[in-house]
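For the protein sequence lines, the chains are G and V, in the order given.
When we follow our numbering, the leftmost residue of the first sequence carries the number 13, and every step to the right adds one.
When we follow our numbering, the leftmost residue of the second sequence carries the number 2, and every step to the right adds one.
C-beta atoms are modelled at their ideal positions from N, C-alpha and C, and glycine is treated no differently.
Below is one structure, written out as structure tokens, with a few remarks after it.
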Amino acid sequence: MYELRAVTKHYTRAKDTVHALDGIDLTIPDGDRLVIQGPTGGGKSTLLQMLGGLDRPTSGEIVLDGTDLAALPEARLTRVRSESIGFVFQAFNLIPTLTAQENVETALVPLGMKPKQRREQAAEALKSVGLGERRAHLPGEMSGGQQQRVAIARALVKQPKVLLADEPTGNLDESMRDEIMDVLERMWEELGLTFVMVTHDSVIARKAPRLATIREGRISVKENTRA
Amino acid sequence: MFFTYLRRELRRRRKAALVVASGLALGIALVIVVSSVSAGMGRAQEGVLQSLYGLGTDMTVTKAAAPAGSDAQRPRFRFDAQDDGSGGEQSSDRVMVRGFQTLAGSTVGRVDAQSGVADAVGGLSLEVVKVSGAFTRGRFEQGEGGGGQGFGRGGAQPSPQGRVEGGGADFDVNSYSVYGTDVTKPALGPLTSSKITSGRSFTRSETDAKVAVADAAYAKEKKLKTGSTVTVKGTGFKVVGIATADSGDAAADLYVPLKQAQTLAGAKDKVTTIYVKATDSQRIDSVKSEIRKDVPGTTVTTSADLADTVSGSLSTASSLAASVGKWLSIVVLAAAFLVAGLLTSSAVSRRVREFGTLKALGWKSGRVTRQVVGEAVVNGLVGGALGIALGLAGAYAVTAVSPTLQAQLGGGGGEGLRGGFGGPGREAAGRTLDVALTAPVGLTTIALAVGLAVAGGLIAGAFGGWRASRLRPADALRRVA
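See the structure below:
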């Protein structure tokens, strides 16, 4: 479970101070599926980075299962990322020279797993997203939807507690979008993940059980009764 | 994963990798060629010095120079015109001590007794001038006609009653060098720089024997062979061996036992040069000082002193290799390292998203840095391999072409010459030797090249690694979001 208390994040850009997050208080229970929306530059991606331990807040606490990520030393924060948090990015962020299988394996490398076990687990993850036959393909040889499915397999192969997705369908057309959302929803249900997703897509937002909106660094959360 | 990732990345960026590797290869090749040419020059210089000194000699001791013209001997020849008009051939050998300066034979023992001296051996260097020919008296002729018999037609004098016609002289002057060597110590002295290519060398018991070893070039000129007899000042010496100089010119045309040389020159118990081998090559300077102090009236010349007197194109090329070559190599290498570093750093900047993603997945900074350094080191090793191949080809080309360098001895006016470098050394003063330049590549040079390749890779990797280690996952992903 996430508990965010009075989280602020200030940047200095040129001579101005940007208040990306301005006193965020938020609770995300285990197994929750939260969609974050808001205008560009409103602080959505910054909040996602804080949740994923990719950046530290200027002030406040980000507590994940009792551990304040903001106060953790870098090595332990890296360990939390490697064990507990899976990321899916808008641009897929696959390593272009590695095959689908090897890309998925990169998520298991920090866990110190034996190569054989790593290979088996990665193959299994690819099978679960419907890409069992394309293990040996390079990202450049696959469609956008397939690449994003590889990225989902990479995020989930280590069986994290949390899945963070930053505009996962932003680079895809409508049919691909639906395909990817189906995979993500299925995984959320099957694995019992805490799933936080940033999106601009109102179709996706309408289906979310909880919807958060960030505007000028401030957040408001409402239950989605129509979902 | 490390090697798979490394291999694929190098293949993907092979053009950039090739640029980095080529820069390093150029620098490394230059270092190999310059090092090997320098080694070749050193070897050539050593060869030149050895041809004067002989193998294993660390220094020579000669008599200190006397004021010029004090008691210099000049060769004199006496020939008589023969009354019978036969024109019979006459010859006269004049044997002179080369340099006219000698040391007492006992000095050898005194030098040998100095601490730090492993062995000392004396030698006597002689110059033989042989004048041979016939002298015919002119004939007095009344009136016209008639010519004198004989070889020349000059010398006719007018006379009130008639004329003296004919008569004259035809003499051939043959000059050659003889070196009296101490046959009891064959390991030291100028003869060690030659190989016996026919017959044998002296035996230790041949101190009084009338035997000689002829230099190959002289033997060829005079058609001498093993078993021939060569006559010096009326004494016949049996040629027991032919010696060929290892490099440069031989120290003498004929080698005879020291005692025989002393007898020929009338220099009983005298030597011109003492060849000294030190116990420790690092202590040559201290041994030199000691000898100069304890054996007054002598000049001690080390190989370093003699090397200072080598001039000519060998010396020029040697200085070029030492100065321009060295600095050029350093500049090219530094530039190659810098370019490799900057290119690696720039490659990391282009891969910010990639490394940011890996950090987001939980890769530690160290693991990402190792990956970058690994790629750079492989680049460096590829550059090193190319550089070694290029350098070996360059060194091979130099050896194959073997450009001839001239070594002029005595141009520098080193101590050895000012102080009177006796024996063969004096003969060498002002002499020009042709030396073929080679470029030997030693294991040390190869090891240096490999070291430089690894260093180049590590330096490039340090640039890139430093850049990669400073990346924060959020910074990397912000560009994407």
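is_contact[T358 of chain V, chain G] using C-beta, thresh 7 Å: yes
Look up A103 of chain G in the DSSP assignment and say whether it is helix, strand or coil. coil
Straight-line CA distance for T236 of chain V to L265 of chain V? 8 Å
Run through the DSSP bridge pairs and tell me what T63 of chain V is partnered with. V:T274 and V:T300
Please tell me whether Q133 of chain G has its Cβ less than 7 Å away from any Cβ of chain V. no
With a 10 Å radius around its C-beta and 16 neighbouring C-beta atoms as the bar for buried, classify Q129 of chain G as buried or exposed. exposed
Report the start-end ranges of each alpha helix (DSSP H) in the region 224-265 of chain V that is 4 residues or longer and not cut off at the edges. none
Using DSSP with H/G/I as helix, E/B as strand and the rest coil, what is V233 of chain G? strand
Under the three-state reduction of DSSP, which class applies to N183 of chain G: helix, strand or coil? coil
According to the neighbour-count rule (16 or more other Cβ atoms, all chains shown, within 10 Å of its Cβ), is N105 of chain G buried or exposed? buried
Where does the unbroken beta strand (DSSP E) through V340 of chain V begin, and where does it stop? No beta strand (DSSP E) contains V340 of chain V, which is instead part of the alpha helix (DSSP H) from K327 to R351.
Provide the residue span of the beta strand (DSSP E) that contains M209 of chain G, from first to last. T206 to V210
Applying the criterion that 16 or more other CB atoms from any shown protein chain within 10 Å of the CB defines a buried residue, is Y397 of chain V buried or exposed? exposed
At a Cβ cut of 7 Å, what residues of the region 6-21 of chain V count as close to chain G, listed as they run along the chain? Y6, R9, E10 and R13
Could you give the C-beta distance for G395 of chain V and I29 of chain V, rounded to a whole number, given that I count them as a contact under 8 Å? Contact flag wrong, Cβ pair sits at about 11 Å.
Proximal residues of chain V, C-beta to C-beta of L243 of chain G below 7 Å: As displayed, chain G neither begins before 13 nor continues past 239, which places residue 243 of chain G out of reach and without an answer.
Taking the DSSP output, what are the residues bridged to R25 of chain G? G:D28
Within this structure, are the beta carbons of V118 of chain V and V277 of chain V separated by less than 7 Å? yes
Using CA atoms only, rank isn't needed, just tell me which of V:V383, V:E376 and V:E47 is closest to T439 of chain V. V:E47
Looking only at its chain, what residues have a beta carbon closer than 6 Å to the beta carbon of L76 of chain G, apart from the 5 residues adjacent to it on each side? Y14
For M154 of chain G, which of helix, strand or coil comes out of DSSP? coil
Three-state class that DSSP yields for A461 of chain V in the structure shown: helix
Between the region 112-125 of chain G and chain V, which residues of the former have CB atoms less than 7 Å from a CB of the latter, in chain order? E114, E117, T118, A119, V121 and P122
Within 10 angstroms of the Cβ of G426 of chain V, are there 16 or more other Cβ atoms? Answer buried if so, exposed if not. With a pLDDT of 43 at G426 of chain V, under the threshold of 50, the predicted position of this residue should be treated as unreliable, and no value is reported.
Can you list, in chain order, the residues of its chain with a C-beta nearer than 6 Å to that of K196 of chain V? Leave out the 5 residues immediately preceding and following it. T245
Looking at A454 of chain V and G342 of chain V, is the spacing between their C-beta atoms short of 7 Å? no
What is the rounded straight-line gap between the Cα of E202 of chain G and the Cα of G152 of chain G? 30 Å
Measure from the alpha carbon of Q102 of chain G to the alpha carbon of each residue in V:V402, V:V399 and V:R354, then state which is nearest. V:R354
State the Cα-Cα distance for the pair L339 of chain V and A18 of chain V, rounded to the nearest angstrom. 14 Å
Keeping to the same chain, check which residues put their C-beta closer than 8 Å to that of D80 of chain G; ignore five residues upstream and five downstream. E73 and I74
Against chain V, with Cβ distances strictly below 7 Å, would N105 of chain G count as a contact? yes
How many Å lie between K173 of chain G and M193 of chain G at the Cα? 19 Å
Check each candidate in G:T118, G:E117, G:T24 and G:P180 and name the one with the smallest Cα separation from S47 of chain G. The displayed chain sequence assigns Val, not Ser, to residue 47 of chain G. Per the Cα distances, G:P180.
Below 7 Å between beta carbons: does that hold for A121 of chain V and D113 of chain V? yes
CA-to-CA distance, S194 of chain V to I285 of chain V, given in whole angstroms: 21 Å
At the level of alpha carbons, what is the spacing between V62 of chain V and N175 of chain V? 30 Å
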